[in-house]
Amino acid sequence: MAEATHPQESAESAESAESAESAESIDERALDESVTFTSELIRIDTTNRGGGDCRERPAAEYVAERLAAAGLEPTLLERTPGRTNVVARIAGTDPSADALLVHGHLDVVPAEAGDWTVHPFSGEVRDGVVWGRGAIDMKNMDAMVLAVVRAWARTGVRPRRDIVIAYTADEEASAEDGSGFLADRHAELFEGCTEGISESGAFTFHAGPDMPLYPIAAGERGTAWLKLTARGKAGHGSKVNKANAVSALAAAVARIGEHRWPVRLTPTVRAALTEIAALYGIRADLDAPGFDVDELLGKLGPAAALVEPTVRNSSNPTMLEAGYKVNVIPGHATAFIDGRMVPGGEDEFHTTLDRLTGPDVDWEFHHREVPLQAPVDSPTFAKLRAAVERFDPDGHVVPYCMSGGTDAKQFSRLGITGYGFSPLKLPAGFDYQALFHGVDERVPVEALHFGVRVLDHYLRTA
Numbered sequence: 042m043a044e045a046t047h048p049q050e051s052a053e054s055a056e057s058a059e060s061a062e063s064a065e066s067i068d069e070r071a072l073d074e075s076v077t078f079t080s081e082l083i084r085i086d087t088t089n090r091g092g093g094d095c096r097e098r099p100a101a102e103y104v105a106e107r108l109a110a111a112g113l114e115p116t117l118l119e120r121t122p123g124r125t126n127v128v129a130r131i132a133g134t135d136p137s138a139d140a141l142l143v144h145g146h147l148d149v150v151p152a153e154a155g156d157w158t159v160h161p162f163s164g165e166v167r168d169g170v171v172w173g174r175g176a177i178d179m180k181n182m183d184a185m186v187l188a189v190v191r192a193w194a195r196t197g198v199r200p201r202r203d204i205v206i207a208y209t210a211d212e213e214a215s216a217e218d219g220s221g222f223l224a225d226r227h228a229e230l231f232e233g234c235t236e237g238i239s240e241s242g243a244f245t246f247h248a249g250p251d252m253p254l255y256p257i258a259a260g261e262r263g264t265a266w267l268k269l270t271a272r273g274k275a276g277h278g279s280k281v282n283k284a285n286a287v288s289a290l291a292a293a294v295a296r297i298g299e300h301r302w303p304v305r306l307t308p309t310v311r312a313a314l315t316e317i318a319a320l321y322g323i324r325a326d327l328d329a330p331g332f333d334v335d336e337l338l339g340k341l342g343p344a345a346a347l348v349e350p351t352v353r354n355s356s357n358p359t360m361l362e363a364g365y366k367v368n369v370i371p372g373h374a375t376a377f378i379d380g381r382m383v384p385g386g387e388d389e390f391h392t393t394l395d396r397l398t399g400p401d402v403d404w405e406f407h408h409r410e411v412p413l414q415a416p417v418d419s420p421t422f423a424k425l426r427a428a429v430e431r432f433d434p435d436g437h438v439v440p441y442c443m444s445g446g447t448d449a450k451q452f453s454r455l456g457i458t459g460y461g462f463s464p465l466k467l468p469a470g471f472d473y474q475a476l477f478h479g480v481d482e483r484v485p486v487e488a489l490h491f492g493v494r495v496l497d498h499y500l501r502t503a
């Protein structure tokens with residue numbers, strides 16, 4: 042299929058900034074569709090169990106049909122049968138402007154139905170809340186983007202710059218069938234894109250009474266999933282064995298798990314600490330002699346959770362595999378570590394892992410992706426901030442760095458700077474971050490309505 046373009050070609054000049062600011066394109070139908078689309082996408086089971094065990098095609102066809110109904114020409118692309126991606130382009134009014142990428146993934150992590158209050162793939166709407174796997178991560182954003190695009194088609198709105206919409210497969214695993222495949226094999230679909238927005242930002246974080254924060258992601262730690270292997274001498278469990286692979290591996294895993302990584306503050310994290318501290322009435326001099334970041338975090342109350350995971354590298358043991366019988370010492374043992382690297386912390390990570398594993402344990406990357414950083418003093422960040430504050434004037438937008446990663450890593454290969462921006466206005470007590478991959482994942486209807494309005498405004502004026 043050919044690359045999609047918006048069918049309406051106008052000879053009129055681009056809308057003025059003033060008219061774009063005042064334009065209203067979100068109607069009741071758009072608000073309703075944001076809820077309906079979220080619910081119906083949840084009902085399409087796109088569980089990604091890893092190892093290629095996933096099929097996103099039904100969800101891809103669902104969004105493609107609705108994009109086509111809005112006058113777009115979506116392209117469906119697969120590296121592996123059933124692992125489907127969708128890409129479409131909306132032509133802007135200013136052909137000289139850089140294009141903007143808006144992307145969301147269609148796959149979700151597994152869910153055990155017995156653990157949930159409602160069935161995780163019911164998409165049930167109850168008491169003003171949409172329930173199900175993907176309600177937060179991230180079929181909500183997929184649905185909101187669909188609702189905005191269709192509202193534009195009804196009202197004749199065109200954005201200032203070209204907007205490329207991508208719905209991806211495989212984000213919850215390696216992204217090899219999703220954004221990695223698109224970036225490596227179909228770069229032409231993203232021609233002109235210099236920036237992108239996607240998940241995990243612009244949600245309400247209640248940092249205290251009358252202190253709603255809206256953290257917008259301007260960075261991600263790098264992914265460093267590791268495989269450790271110890272090789273020794275197999276033998277009888279009752280005999281002395283000084284080449285016990287399990288013992289060597291266990292010692293290395295313990296050292297890694299207990300290691301305290303040194304503080305490494307990136308520009309994004311520095312900005313986050315400074316802005317959040319100021320909201321608490323604290324003047325933080327991060328360059329002062331003896332500055333203690335952990336002491337500052339202790340003064341930031343709940344907001345510390347936004348920053349604490351990203352002030353240093355990390356390495357958490359997650360899996361152990363060894364042996365096959367209690368009285369047999371195996372000849373080898375393996376472990377897996379979830380490692381994350383702050384921007385600029387890669388060399389330190391390598392050196393430290395060499396030391397912690399020691400001479401008897403080998404390590405390698407099981408999966409690796411780069412850390413990212415985006416400027417927080419850019420015109421783009423300023424417009425993202427303004428879009429949120431327009432619809433919640435009492436909210437405080439702050440930058441932050443994600444502790445994990447998104448498809449922005451793969452799209453960065455194309456020179457696209459990524460921001461986490463999937464806006465939701467959430468009530469106090471709603472633990473957004475705990476619902477990522479958690480039980481009883483859900484999203485309030487009013488949060489979706491807020492997100493649609495914010496996305497519409499930002500995308501028209503970006």
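The numbers in the sequence shown follow my numbering, run straight up by one, and end at 503.
Where is the CB? At the ideal position from N, CA and C, for every residue including glycine.
Note that this is a predicted model, so its numbers are computed, not measured.
Cross-strand partners of residue i (DSSP beta bridge)
{"i": "residue 244", "result": "465"}
{"i": "residue 460", "result": "238"}
{"i": "residue 10", "result": "What the structure shows of the chain is the stretch from 42 to 503, and residue 10 is not part of that stretch, so it cannot be assessed."}
{"i": "residue 406", "result": "267"}
{"i": "residue 167", "result": "170"}
{"i": "residue 208", "result": "127 and 145"}
{"i": "residue 473", "result": "In DSSP, residue 473 forms no bridge with anything."}
{"i": "residue 451", "result": "Looking at the DSSP assignment, residue 451 forms no beta bridge with any residue, so it has no partner."}
{"i": "residue 509", "result": "Only positions 42 to 503 of the chain appear in this structure, which leaves residue 509 out of reach."}
Contact set for residue i: own chain, Cβ-Cβ below 8 Å, skip 5 residues either direction
{"i": "residue 232", "result": "140"}
Cutoff 7 Å; reference residue i; Cβ partners in own chain excluding five residues on either side
{"i": "residue 323", "result": "340"}
{"i": "residue 179", "result": "145, 146, 240 and 463"}
{"i": "residue 389", "result": "354"}
{"i": "residue 349", "result": "338"}
{"i": "residue 299", "result": "none"}
{"i": "residue 450", "result": "261, 410, 411 and 413"}
Residues near residue i in its chain [Cβ-Cβ closer than 6 Å; skip 5 each side]
{"i": "residue 457", "result": "142, 234 and 237"}
{"i": "residue 158", "result": "481"}
{"i": "residue 418", "result": "none"}
{"i": "residue 405", "result": "268"}
{"i": "residue 362", "result": "375"}
{"i": "residue 422", "result": "none"}
Enclosing alpha helix (DSSP H) for residue i [first to last residue]
{"i": "residue 103", "result": "98-110"}
{"i": "residue 187", "result": "180-196"}
Buried versus exposed call for residue i [16 or more other C-beta atoms within 10 Å across all chains shown]
{"i": "residue 63", "result": "Its pLDDT being 49, under 50, residue 63 is placed unreliably in this model, and the value from its coordinates should be taken loosely. Residue 63 is exposed by the Cβ-count criterion."}
{"i": "residue 383", "result": "buried"}
{"i": "residue 319", "result": "exposed"}
{"i": "residue 499", "result": "buried"}
{"i": "residue 424", "result": "exposed"}
{"i": "residue 371", "result": "buried"}
{"i": "residue 131", "result": "buried"}
{"i": "residue 398", "result": "buried"}
{"i": "residue 396", "result": "exposed"}
{"i": "residue 307", "result": "buried"}
{"i": "residue 218", "result": "buried"}
{"i": "residue 229", "result": "exposed"}
{"i": "residue 366", "result": "exposed"}
Boundaries of the beta strand (DSSP E) in which residue i is found, first to last residue
{"i": "residue 440", "result": "437-443"}
{"i": "residue 213", "result": "Run containing residue 213: none; DSSP gives neither H nor E here."}
{"i": "residue 484", "result": "483-485"}
{"i": "residue 398", "result": "Note, residue 398: premise wrong, no beta strand (DSSP E); alpha helix (DSSP H) at 387-398."}
{"i": "residue 134", "result": "No beta strand (DSSP E) holds residue 134; DSSP gives it neither H nor E."}
{"i": "residue 119", "result": "116-119"}
Inter-residue CB distance, residue i and residue j (contact presumed, cutoff 8 Å)
{"i": "residue 309", "j": "residue 446", "result": "With a Cβ gap of about 14 Å, residue 309 and residue 446 do not count as contacting."}
{"i": "residue 184", "j": "residue 429", "result": "So it is not a contact: roughly 19 Å between Cβ atoms."}
{"i": "residue 294", "j": "residue 376", "result": "5 Å"}
{"i": "residue 71", "j": "residue 82", "result": "With a Cβ gap of about 16 Å, residue 71 and residue 82 do not count as contacting."}
{"i": "residue 190", "j": "residue 108", "result": "7 Å"}
{"i": "residue 188", "j": "residue 66", "result": "That pair is no contact at about 11 Å."}
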